[in-house]
Each structure stands twice: as structure tokens, then as C-alpha cells.
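*Asks:* In our numbering, the protein residues as written are 52 to 432. All C-beta atoms in this analysis are idealised placements derived from N, C-alpha and C, irrespective of residue type, glycine included. Below you will find the structure I want to go over with you.
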């Protein structure tokens with residue numbers, strides 16, 4: 052590749068550029084660093100090279116949170132799936148982390164996982180505590196408190212993401228304040244951002260939406276399902292580089308009379324998707340084939356709810372976790388269990404992994420040290 056070609060490539064939008072660069076071998080990345088000064092803005096240091104060298108497939112990390120009903124404690128489990136026809140998984144109980152043993156608090160709620168770092172929140176008596184933890188290095192940091200008290204009817208949502216342009220890890224806090232006006236109520240959602248290594252929260256504007264939990268990362272943006280004052284559903288994104296919001300229409304088939312808790316946002320390959328489990332007869336997945344293009348929504352998966360699975364599949368929220376190379380999909384039903392579905396073979400299989408009270412996320416184990424972030428107090432457990 053010539054210098055002119057390398058320079059023209061740098062003019063691409065940063066999310067697309069990062070997707071291209073993350074798939075290149077380290078030798079090519081070093082070439083880019085040598086021929087293009089602007090490439091230095093991507094902070095192509097040893098940490099980025101480590102990331103590009105990672106060939107380990109994404110595992111699924113499970114946070115089984117404490118429950119008096121099941122007598123479970125806050126535990127982290129790691130599932131490794133084989134990308135073959137059977138998609139068998141490996142779970143070594145010896146690698147489980149009993150978080151309650153090291154952190155005498157409960158429950159721990161997993162926000163998400165990025166490059167081996169896992170974000171958790173903890174809400175005792177309206178006081179919020181946010182942890183960033185690397186299960187492999189046993190390091191963690193505790194973020195300072197943000198403004199805005201989480202007290203009913205106000206609510207707080209957290210998400211965790213990565214800015215590939217400035218090589219910054221960011222925790223995004225959405226503080227939802229309910230406002231009453233002329234016998235009606237609506238939410239004003241204020242955004243705060245914490246950049247790992249900076250040591251403080253920053254305000255990043257607000258939007259007039261009510262947010263669903265669990266934002267999903269795609270193209271260096273965090274996305275949520277949101278609702279306006281009239282109950283209309285849309286998708287709201289937050290750009291992790293320029294820290295701006297934008298919104299666009301959601302998948303078809305939503306109406307205000309339907310229960311919002313039967314729909315969730317996910318990622319299908321490199322596309323946004325909406326899992327819709329409102330109907331009594333079937334569960335469906337809509338995929339946005341072209342990012343941000345409303346007309347590109349396609350109904351990709353339909354699972355007919357047979358009598359034998361009606362007692363565990365219908366009418367509850369379902370989250371998409373992983374799409375295998377052969378098209379089979381791994382889902383999380385509510386916070387109870389994982390299941391596999393193959394759209395072509397029409398197979399449906401529950402996985403006997405955990406007995407309820409679980410959150411799950413894609414996860415790539417790494418040895419990145421939190422000590423590389425200056426200004427953070429790093430603890431070891």
C-alpha cells in the first residue's frame with residue numbers, strides 16, 4: 052500500500068477505520084504508523100497491538116448475582132464455546148470467581164465487558180458504586196460518585212464502552228429524572244461520562260427519552276432502546292468519540308399498547324437487532340442490515356412457540372448474546388437461562404449452566420493492567 056493510499060484511508064469515518072485496522076496484522080499496523088502522522092492519534096501503542104494480536108474467540112462471561120431464593124452468591128463464570136456444529140461449551144468451575152468472598156457487598160450487577168475489563172455497579176441505599184475489574188489480573192478500581200441521587204421515581208442506567216480513536220475506556224451514566232407538567236410526566240435523561248484514568252465525571256448533555264437498561268456497543272457507539280413522552284420507541288446512540296447523541300427509528304411491529312419489557316436491543320453480526328417476544332405464538336428478531344437506514348430492517352429469525360416450550364419462552368424479554376459462524380444464535384431468556392436456536396435447522400436447546408439470576412456478556416480475556424491508567428487507585432484481590 053502506498054503512502055497516498057494510507058493517507059486516503061485515514062479520511063474514513065473513525066468507526067469504519069477502526070473496524071478495518073482491527074483486522075490487519077501487526078506488521079501492517081506498524082507500517083501505517085510509520086507512513087501517517089495522523090495515525091498517531093489512534094494511539095497505536097503496544098496495548099493496541101496486543102488487542103490486534105488477540106485470536107482467542109469471544110467467550111461468554113456470566114454474572115450470577117446473589118439471591119435468597121436460590122441461595123446463590125455473586126459469582127463470575129466463564130463459558131468457552133466451540134465454533135462447530137454442536138457448539139459445545141466448556142466451563143471450568145475452578146476458574147469461577149466468588150465475588151462475595153472478596154467484596155462483602157451484594158448484589159453485584161454486571162454492566163458490560165470491554166477488552167477484558169468488566170464493569171459492575173452496586174446500589175446500596177441509593178448510593179452508587181461503580182467497579183472496573185479485570186478477572187484475569189485480579190485488579191480493580193472504584194469510580195468516584197457521580198451527581199444525581201438514584202431515588203424513585205428517578206432512575207440511573209450505566210453502560211461501558213471504548214473510544215478507538217483516542218483509545219479511551221468510558222463509563223456512561225444516564226440519570227433519568229421524571230418531570231411532571233400539566234398532569235403528564237416525562238423523563239429528562241442527563242448524560243455523564245467517566246473516562247478511565249481521568250478521575251472525574253463530566254456532563255455530556257441530555258435527551259428527552261426514557262432509557263431501557265443494557266446499552267449495546269457497535270461502531271464505537273453505545274445504543275439503547277428509548278421511549279419519548281408519548282410512548283413511541285426509537286433507538287438512541289451515544290458516540291464515544293465526540294460524545295453526541297442521535298436517534299433513529301426502531302424495528303417494525305412496535306406499538307404503544309405492547310409491553311416494552313418484551314423487546315431488547317442487541318447486535319447480530321455487525322448489525323443492530325431487536326428481539327421481540329411479545330406475541331403468544333412466536334418470538335422474532337429484526338435486523339437492521341444497513342446502519343441507521345430505516346428501510347433496511349429485516350425479520351431475520353422467527354421461533355414458533357410450541358406447546359412444549361410455551362412455559363419458558365413466551366412473553367418475557369430475550370437478549371441476544373452471540374451469533375456463530377453457521378448462523379446458530381445464543382440467547383439469554385430474562386435472567387434465568389441461556390438457550391441456542393438454529394434458524395435453518397429449527398432447533399431449540401436450553402443450556403444447563405446456571406440456575407437463574409444471571410447476567411451475561413461477550414468477553415475476551417486479557418492481561419491488560421489497570422495500572423496503565425494514571426490517576427486511578429488500583430486494588431488487587
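(1) What do you reckon, are the CB atoms on residue 413 and residue 164 nearer than 8 Å?
(2) Is residue 172 buried or exposed, if buried means 16 or more other CB atoms sit within 10 Å of its CB?
(3) Quick one: what does DSSP say residue 284 is sitting in, helix, strand or coil?
(4) Could you pull the start and end residues of the beta strand (DSSP E) that residue 270 belongs to?
(5) Taking the DSSP output, what are the residues bridged to residue 232?
(6) Can you tell me whether DSSP reads residue 414 as helix, strand or coil?
(7) Residues bridged to residue 337 by DSSP?
(8) Determine contact between the stretch 203 to 221 and the stretch 268 to 278, defined as no fewer than three beta-carbon pairs at a distance below 8 Å.
(9) How far does the alpha helix (DSSP H) with residue 153 in it extend, from its first residue to its last?
(10) Taking its Cβ as the centre, do 16 or more other Cβ atoms sit within 10 Å of residue 167, making it buried, or is it exposed?
(11) Helix, strand or coil for residue 129, going by three-state DSSP, please let me know.
(12) Can you have a look at residue 185 and say buried or exposed, based on whether 16 or more other CB atoms are within 10 angstroms of its CB?
(13) Residue range of the beta strand (DSSP E) that residue 314 falls in?
(14) Just to confirm the assignment, what range does the beta strand (DSSP E) spanning residue 214 have?
(15) Could you tell me if residue 114 is buried or exposed, where buried requires 16 or more neighbouring beta carbons within 10 angstroms of its beta carbon?
(16) DSSP state of residue 345, grouped into three classes?
(17) For the beta strand (DSSP E) that residue 384 lies in, which residues bound it at each end?
(18) For residue 203, which residues does DSSP report across the bridge?
(19) Which residues share a DSSP beta bridge with residue 242?
(20) On the premise that residue 300 lies in contact with residue 285, defined as a C-beta separation below 8 Å, what is that separation, rounded to the nearest angstrom?
*Replies:* Quick look at the numbers:
(1) yes
(2) buried
(3) strand
(4) Looking at the DSSP string, residue 270 is not in any beta strand (DSSP E), and its letter there is neither H nor E.
(5) DSSP, once it has assigned bridges, lists 235 as partnering residue 232.
(6) DSSP, read as helix, strand or coil, puts residue 414 in strand.
(7) 325 and 350
(8) yes
(9) 150 to 153
(10) buried
(11) Strand, per DSSP.
(12) By the neighbour-count rule (16 or more Cβ atoms within 10 Å), residue 185 is buried.
(13) 314 to 319
(14) 206 to 214
(15) buried
(16) Three-state result, residue 345: helix.
(17) 380 to 384
(18) The partner list for residue 203 (beta bridge, DSSP) is empty, contrary to what the question assumes.
(19) 225
(20) 6 Å
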